[in-house]
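In the order they appear, the protein sequences are chains A and B. Okay, so the first sequence: first residue is 1 according to the numbering used here, each after it adds one. Okay, so the second sequence: first residue is 1001 according to the numbering used here, each after it adds one. Even for Gly, the Cβ is constructed at its ideal location relative to N, Cα and C.
2 protein chains.
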Amino acid sequence: MNLYEKHKELINKAITALHNRTFFAAYPEHPSPKIYGETADADGREKFQASMGNKFEELSQTGTSGWMGTEESPYLQKDLGITYPSADVDTLIDNAEKAFHVWRKVSAEDRAGILVESLERVKNRFFEIAYATMHTTGQGYMMAFQASGPHAADRALEAVAAGFEELKRFPSAAFWDKPMGKFNIQLDKEWRAVPKGIAMVIGCSTFPTWNSVPGVYASLITGNSVIVKPHPGAVLPMAIVVAEIQNVLKENGFDPNICQLAVDTVDKPLAKELAEHKKMKIIDFTGNSEFGSYLEGLPGKQVFTEKTGVNSVILDSVENVDKVAGNLAFALSLYSGQMCTAPQNFYIPEGGIDTPEGKVSFEEFAQKFIENINGLADNPKAGPFVLGAVQNKNTCARVADASKLGKVLLESRAIENPMFKDARIATPVVLEVSASEKDKFATELFGPIALLIKTKDVDESIALAKEMAEQHGAISCGAYTTNSEVKEKIADEMSLAATPVSFNLTGGIYMNQNAGFSDFHVTGGNPAGNASFTNPEYVIKRFTWVGHREPAKA
Amino acid sequence: MNLYEKHKELINKAITALHNRTFFAAYPEHPSPKIYGETADADGREKFQASMGNKFEELSQTGTSGWMGTEESPYLQKDLGITYPSADVDTLIDNAEKAFHVWRKVSAEDRAGILVESLERVKNRFFEIAYATMHTTGQGYMMAFQASGPHAADRALEAVAAGFEELKRFPSAAFWDKPMGKFNIQLDKEWRAVPKGIAMVIGCSTFPTWNSVPGVYASLITGNSVIVKPHPGAVLPMAIVVAEIQNVLKENGFDPNICQLAVDTVDKPLAKELAEHKKMKIIDFTGNSEFGSYLEGLPGKQVFTEKTGVNSVILDSVENVDKVAGNLAFALSLYSGQMCTAPQNFYIPEGGIDTPEGKVSFEEFAQKFIENINGLADNPKAGPFVLGAVQNKNTCARVADASKLGKVLLESRAIENPMFKDARIATPVVLEVSASEKDKFATELFGPIALLIKTKDVDESIALAKEMAEQHGAISCGAYTTNSEVKEKIADEMSLAATPVSFNLTGGIYMNQNAGFSDFHVTGGNPAGNASFTNPEYVIKRFTWVGHREPAKA
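Listed below in structure tokens is the structure:
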């Protein structure tokens, strides 16, 4: 049985799920021994620990000129000491160019089979990837497992499914028979889905696989060769994924250079040189707006970006103010505000928030919010694991500086992580800012920073949230209202700013979270990014339909 | 019955046709009295003649500040004297902004119904549009009827069908039910296809409706308001289309400003000011590469272009050299080489072309080609009608200058048009150029200009055709070969340059022609343009999917 036949049912299910947008997950998100095996966790941990201080020798790509690696664990605050094979840009491009001319001729079915098989291999390494993710990004264990493992694999499968569907959208051949009156003109026509060429995927330091695999798999399914350029601070999770892709390619007789890893360092970055190379046709990027916008401006490239945004929460009226405060405190604390979907600006009317028990004032809500943040941080069974660690030292500096922005309602502090005494930790800082001080909240303050903004009324809250999204980008929005007219106004106005809204979330679901096969991640319609996981545009732009024709044989 | 119900069957047929890519046409291309009515032609001609020297008063848009019009007939070489209501940019944008907020809330079904109804109204004016097209573009009667009438309407319907399908691609709502072990997380989700805002369509002087209606209908079906900015030299054909769209909008209670006409003059052009306006979100453009590339570079705009290309013909081996020479002579002569799909560079191996009767030398083929061009031009029943007239005086100057490019094999000359003694006519000029003089053939020589280029062999021919397409763009390619390996090499190499190839055409079908619902026009994959009529990308990029969600009601 070939790999397409092996995975056909899953691919078809994934395509159906893309269209239904009801719940679907191919890879179980719970790190349960019943699902993944009794020793899977311990084995993964051991494999990760064994990789520290060593060369990563699993890659099959050619042309290695040296070894490099500069990862550091935010939990240990020490170097991981892992090095990866490095190559110069010309070697990477030459490899990718040769591999492209092989891969582009592989059928959509065979590509899909190989790619889904690689995800099955990656599945066997979810725990190892989880530890690699923890010790590069600072994510807590559960998030590291889910986001870098099953959720990332689901997003990769989603891209494969979307690409496969588009490649099959038009017939490979058709007979065109045009009646002209006394005779017919008859042509044999054919259409080819022609991949663009060489693609690259530039990863970020906080979600190294989740934000990278959609681009990798989307470019591969559509026939492009791919160079994966992870953030120098978070290489290992993607190195494992690339190794497994290369393994399946090799086993099936294909050039492993179809998907290469390109490592670099902060001091000698490769991204710009790779991106500007005339052979580079497709660029996927997750990261800061400045570099993202520079990439978007490169002529003759197809660029897909997820940049930064200013995410808003609009508070109007609630059923249960304590549940709301608890939900938002968790949303802010989760991975210390280092998610691109984390809330930052909380708009509260000066008249307060409507509840069944009457108005809750700005100050009362702030108090409840702070109590919930503290309650979570100080719960030793939850705080350290929800907060995780801070990936980048600069984020800690930003948190410290934030206190200059307004009236400090809650100071950031360190808490102890019982497992990692050296972990880099910062609990959320909460500030009060006036609605008139737009310059203070009109920028992404990456990290555990919340601004409570007093507005005249909900209309001003909506206008500000919309303006922030339109001008500075937004990836998520939370809104609380029990009034159906206000709800539709928020839904309508924020949709014009291309921002998805989570309404009235309480309990175990947060505005930060979004689900493969259902929630489009980033819409592509505001400055937070020009792409979306996974809408049709995300795969269609990676290839070109070209039709040829000739007179039909009589 | 509402308009969607009225046209539902046609819309569904059109969607099916998009996917089958077999022959489909909704609007009969033959100007037959049996189809269009005994007096349709005479009536249309009369209406056109009556419009000359008068105000065009059919538009319902608001805010007119004056009247202008500078069209001139290439057949009469005199001003048409038709004036159109003009408005300043702020008025056009304000109108479009107000209309947008109405139109965006109209259902996909109602939009589709209104738009298809407008095409039915336009159908009643195909002959009037044909005469308007002749006397602005210089096209012959038959082409003017077909291209501006039924073929344009088919392309518009194609855009409506493609847009409608994409708007329906994802559910408007879904229940998301995620098992979490002991409980389920249940969300009600909804997705909105949010139009980008205000769109504009910049027309060209040679195919005023055919090249404009796809963008107009694609932007309208996806909920954007549209400003149509025709070329000042060819306004009337689109003015009629816009008037009919406005009529149907008004009859159905909608603001006619949903689709406005914006007229300008060569001396005071509006395109740049409109395009750069911060509210302008979508721009469709057909025209020269310089302005097209400038538009593509505007930040924050979704731009769809058809620019210029260098179309090649590769001659390797043929079944019947006379039929090939005849076909290519016609392809070059049709509308005097003023089609974006017309052949320009003819690559012929120095060893000659293989035929069943042996080699035909470069010189012999050139002779046959020239004889066919002369035979067509000098046939009074065909020449004047196939050649039409030259739209722009500059094209005549370019033809005259072309003789400096190489050895002149055939001089351009004037022939007489029995119906229009003052018609601006130039028969094709044919030159011999060496393959080494790349600077001479590496640019579009718009008009009836053919370069016969002597190459070492077919491999050099292919390499040059590919290089021209990759570097300078190409919209069509003709190739003649009876060798299946050469054929696949051409198909493969030209597909990498995103150029569709017509193989071995003889008889009544030409490389210039392409059919709605089957041939993608322009691929979007080379410098000749970034868009394609009508691939999914062409409609998807005009709106953004935005999803909202909230806990499901218990």
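Strictly under 8 Å for the Cβ-Cβ distance: is valine 1501/B near chain A by that measure? Yes - at least one Cβ of chain A is within 8 Å of the one on valine 1501/B.
Return helix, strand or coil for cysteine 340/A, following the three-state DSSP convention. In the structure shown, cysteine 340/A sits in coil (DSSP, three-state: anything other than H, G, I, E or B).
Could you work out which residue in Leu451/A, Ala153/A, Val313/A and Ser333/A is closest to leucine 10/A when comparing CA atoms only? Taking only the C-alpha atoms, the option nearest leucine 10/A is Ala153/A.
Given this structure, state the Cα-to-Cα distance separating glutamate 1460/B from glycine 529/A, to the nearest angstrom. Glutamate 1460/B and glycine 529/A: Cα-Cα distance of roughly 43 Å.
Taking only three categories from DSSP, how would you classify aspartate 378/A? Aspartate 378/A: coil per DSSP, three-state reduction.
Measuring alpha carbon to alpha carbon, tell me which of Thr1136/B, Leu1076/B and Lys1008/B ends up nearest asparagine 1417/B. Answer by Cα proximity: Leu1076/B.
Neighbour list for phenylalanine 164/A in chain B, Cβ cutoff strictly below 9 Å: What phenylalanine 164/A touches in chain B, judged by beta-carbon distance under 9 Å, is nothing: the nearest beta carbon there is about 15 Å away.
In terms of residue numbering, what span does the beta strand (DSSP E) encompassing arginine 192/A cover? Looking at the DSSP string, the run of the beta strand (DSSP E) that includes arginine 192/A is 184 to 195.
Show which residues of chain A have a CB atom less than 9 Å away from the CB atom of glycine 1508/B. For glycine 1508/B, the chain A residues whose C-beta falls within less than 9 Å of its own C-beta are Met180, Phe183 and Ile185, listed in chain order.
Does DSSP classify tryptophan 545/A as helix, strand or coil? Correct three-state label for tryptophan 545/A: strand.
Note down the Cα distance separating proline 28/A from threonine 16/A, rounded to an integer number of angstroms. Their Cα atoms are separated by approximately 18 Å.
Return helix, strand or coil for tryptophan 210/A, following the three-state DSSP convention. Coil, per DSSP.
Start-end ranges of the alpha helix (DSSP H) lying completely within the stretch 1001 to 1084 of chain B, minimum 4 residues: Contiguous alpha helix (DSSP H) elements confined to the stretch 1001 to 1084 of chain B occur at 1003 to 1020, 1033 to 1036 and 1040 to 1051, taking only those with 4 or more residues.
With a cut-off of 8 Å, does the C-beta of histidine 7/A fall near any C-beta of chain B? In terms of beta-carbon proximity, histidine 7/A stays away from the interface with chain B, with every pair separated by 8 Å or more.
Can you tell which of Lys1268/B, Lys1487/B and Ile1283/B has the C-alpha that lies nearest to the C-alpha of valine 1318/B? From the listed residues Lys1268/B, Lys1487/B and Ile1283/B, the smallest Cα separation to valine 1318/B is found for Lys1487/B.
Run down chain A in chain order and give the residues with a C-beta less than 8 Å from the C-beta of phenylalanine 1556/B. In this structure chain B extends from 1001 to 1554, so residue 1556/B is not present and cannot be described.
Interface flag, tryptophan 1103/B vs chain A, CB-CB below 8 Å: For tryptophan 1103/B, the nearest beta carbon of chain A is not closer than 8 Å to its own beta carbon.
With 16 as the cutoff for other CB atoms within 10 Å, does glutamate 38/A come out buried or exposed? By the 10 Å Cβ count, glutamate 38/A comes out exposed.
What are the complete beta strand (DSSP E) segments, minimum 3 residues, inside the stretch 1284 to 1325 of chain B? Qualifying beta strand (DSSP E) stretches, in chain order: 1302 to 1306 and 1312 to 1315.
Helix, strand or coil for isoleucine 490/A? Go by DSSP, reduced to three states. Isoleucine 490/A sits in a helix when the DSSP states are folded into three classes.
Extent of the continuous beta strand (DSSP E) to which serine 1532/B belongs: In the DSSP assignment, serine 1532/B falls outside any beta strand (DSSP E), carrying neither H nor E.
Just mark histidine 1135/B as buried or exposed, buried being the case when its beta carbon has 16 or more other beta carbons within 10 Å. With 16 or more Cβ atoms within 10 Å of its Cβ, histidine 1135/B is classed as buried.
Nearest-angstrom beta carbon gap, asparagine 1211/B and glutamate 1306/B [assumed within contact, 8 Å]: About 7 Å separates the two Cβ atoms, so the contact holds.
Between leucine 1092/B and cysteine 1259/B, what straight-line distance do the alpha-carbon atoms span, to the nearest angstrom? Whole-angstrom Cα-Cα distance: 10 Å.
Does DSSP put methionine 143/A in a helix, in a strand, or in coil? Three-state result, methionine 143/A: helix.
For tyrosine 1004/B, which residues from the same chain have a beta carbon less than 7 Å from its beta carbon, with the 5 sequence-adjacent residues on both sides left out? Leaving aside the five residues that flank tyrosine 1004/B on each side, the residues in its chain whose CB is nearer than 7 Å to its CB run, in chain order, Glu1109, Asp1110, Ala1112 and Gly1113.
Which of the residues in the stretch 1513 to 1546 of chain B, read from start to end, lie with their CB under 8 Å from any CB of chain A? Taking 8 Å as the Cβ-Cβ cut-off against chain A, the residues of the stretch 1513 to 1546 of chain B that qualify are Ala1515, Ser1518, Asp1519, Phe1520, Thr1523, Gly1524, Gly1525, Ser1532, Asn1535, Pro1536, Glu1537, Ile1540, Lys1541, Thr1544, Trp1545 and Val1546.
Could you check how far apart the C-beta atoms of glycine 1406/B and lysine 1440/B are, in whole angstroms? I think they sit under 8 Å. Rounded, the Cβ-Cβ distance is 7 Å, consistent with contact.
Say whether chain B places a C-beta atom closer than 8 Å to the C-beta of tryptophan 176/A. Yes, tryptophan 176/A lies at the interface with chain B (some Cβ there is under 8 Å from its Cβ).
Buried or exposed, going by whether 16 or more other CB atoms sit within 10 Å of the CB of methionine 339/A? Label assigned to methionine 339/A: buried.
Buried or exposed: valine 1242/B, going by 16 or more other Cβ atoms within 10 Å of its Cβ? The residue in question, valine 1242/B, is buried, as its Cβ has 16 or more Cβ neighbours within 10 Å.
Measuring CB to CB, does valine 546/A end up less than 8 Å from proline 1500/B? It is a contact, given that the beta carbons lie within the stated cut-off.
Would proline 1551/B count as contacting chain A if we go by Cβ distances under 8 Å? At a cut-off of 8 Å between beta-carbon atoms, proline 1551/B makes contact with chain A.
Near isoleucine 185/A, which residues of its chain fall below 6 Å by C-beta distance, leaving aside the five closest residues on each side in sequence? Contacts found: Lys178.
Could you give the residue range of the beta strand (DSSP E) that holds valine 408/A? Unbroken beta strand (DSSP E) run through valine 408/A: 407 to 410.
With C-beta atoms as the reference, is leucine 261/A less than 8 Å away from glutamine 344/A? With respect to the 8 Å criterion, leucine 261/A and glutamine 344/A are not classified as neighbours on the basis of their beta carbons.
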